[in-house]
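Notes to accompany the following structure.
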Amino acid sequence: MTPTELPKFVVPGEYLGAAEEFVPGRGTYEASGRIFASVTGRPTIDARDRTVRVDAANGVPTLNEGDVVYARVNELKSAMAICTIVAAAPAGRGIPGTPEGTVHISKAKDGFTESLADEFAVGDILLAKVLQSRPSIKLTTAPADLGVISARCQVCHGLLVPSGRELVCPRCGHREHRKRAEGAAPFSPRTSS
Ligand SMILES: [Zn+2]
Numbered sequence: 001m002t003p004t005e006l007p008k009f010v011v012p013g014e015y016l017g018a019a020e021e022f023v024p025g026r027g028t029y030e031a032s033g034r035i036f037a038s039v040t041g042r043p044t045i046d047a048r049d050r051t052v053r054v055d056a057a058n059g060v061p062t063l064n065e066g067d068v069v070y071a072r073v074n075e076l077k078s079a080m081a082i083c084t085i086v087a088a089a090p091a092g093r094g095i096p097g098t099p100e101g102t103v104h105i106s107k108a109k110d111g112f113t114e115s116l117a118d119e120f121a122v123g124d125i126l127l128a129k130v131l132q133s134r135p136s137i138k139l140t141t142a143p144a145d146l147g148v149i150s151a152r153c154q155v156c157h158g159l160l161v162p163s164g165r166e167l168v169c170p171r172c173g174h175r176e177h178r179k180r181a182e183g184a185a186p187f188s189p190r191t192s193s
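Going by this note's numbering, the first residue of the sequence shown is number 1, and it counts up by one from there.
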């Protein structure tokens, strides 16, 4: 079968192909056996499984529930950490528009968190999972393998390294606590900076 010609750019409602020929993927919907774009963007067909999808343009985040992302903490409020989503993990696929996401205090770790400042600091890089992608992006770092993967010393901005259950600054010896991601995403190897 020859590849079907698709337009380079589609808008919501634009016809993409017949449901008997393609599998509707992300950014599409099916109606009466026909597949249409549900977002504005570039359509592609995955030749392996005949999935047609539309990658959203205009900086609209293409994140879905369950995606794991790298996020940088920009601001700590009493009930939430406000982050910029930098990339999808683990491949580091860029996220268009660097959208904002939030970690609610109840989703920072398992159990009760008295203060977000005990778990995160501005500038930390988090490994976080998307709980909700629309209309706003909500993240969790509660599972053991999620949390802070890179942090800097609040005193001298040196890169912190793990030391038991805490983190320590190799430059000035300052010790800090974070809700760390265990295992899969180790801190950067000890280097002089
Ligand atoms: Zn330090």
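In this text, a Cβ means the ideal position worked out from N, Cα and C, and glycines have one as well.
Contact test: His174 Cβ vs ligand 1 heavy atom, cutoff 7 angstroms: Counting from one through the sequence shown, the residue named residue 174 turns up at place 174. Between ligand 1 and the CB of His174, the shortest heavy atom gap is smaller than 7 angstroms.
Proximity test, Gly158 beta-carbon vs ligand 1 heavy atom, cut-off 7 angstroms: As a working note, residue 158 is residue 158 in the sequence shown. Correct: Gly158 has its Cβ closer than 7 angstroms to ligand 1.
heavy atom of ligand 1 below 7 angstroms from Val155 C-beta: As a position in the sequence shown, residue 155 is number 155, starting the count at 1. Flag set: Cβ of Val155 near ligand 1.
Exposure of Glu75, with buried meaning 16 or more beta-carbon neighbours within 10 Å: Residue numbering aside, residue 75 sits at position 75 when the sequence shown is read from its first letter. Answer is exposed; the Cβ neighbour count stays below 16.
Residue environment, Pro61, which counts as buried when at least 16 other CB atoms sit within 10 Å: Counting from one through the sequence shown, the residue named residue 61 turns up at place 61. The predicted position of Pro61 is uncertain, since its pLDDT is 48 and thus under 50; a value taken from the coordinates is nonetheless stated next. It counts as buried.
Extent of the continuous beta strand (DSSP E) run through Gln132: Counted from its first residue, the sequence shown places residue 132 at position 132. Counting along the chain, the beta strand (DSSP E) containing Gln132 begins and ends at Ile125 to Gln132.
Distance cut-off 7 angstroms: Arg134 Cβ against heavy atoms of ligand 1: Within the sequence shown, numbered from 1, the residue matching residue 134 stands at position 134. Outside the cutoff, so no.
CB of Thr149 within 8 angstroms of CB of Ala108, strictly: In the sequence shown, counting from the first residue as 1, residue 149 sits at position 149. In the sequence shown, counting from the first residue as 1, residue 108 sits at position 108. According to the sequence provided, residue 149 is Ile. The question's Thr does not apply to it. Not in contact: Ile149 and Ala108 (Cβ atoms no closer than 8 angstroms).
Terminal residues of the beta strand (DSSP E) in which Ser150 lies: Position 150 of the sequence shown holds residue 150. It spans Gly147 to Ser150 - the beta strand (DSSP E) in which Ser150 sits, taken as one unbroken run.
Within 8 angstroms, strictly: CB atoms of Ile125 and Glu100: One-based indexing of the sequence shown puts residue 125 at position 125. One-based indexing of the sequence shown puts residue 100 at position 100. Cβ atoms of Ile125 and Glu100: not closer than 8 angstroms.
Exposure of Val39, with buried meaning 16 or more beta-carbon neighbours within 10 Å: Start at 1 with the first residue of the sequence shown, and residue 39 comes out as number 39. By the neighbour-count rule (16 or more Cβ atoms within 10 Å), Val39 is buried.
Proximity test, Arg180 beta-carbon vs ligand 1 heavy atom, cut-off 7 angstroms: As a position in the sequence shown, residue 180 is number 180, starting the count at 1. No, Cβ of Arg180 sits at least 7 angstroms from all heavy atoms of ligand 1.
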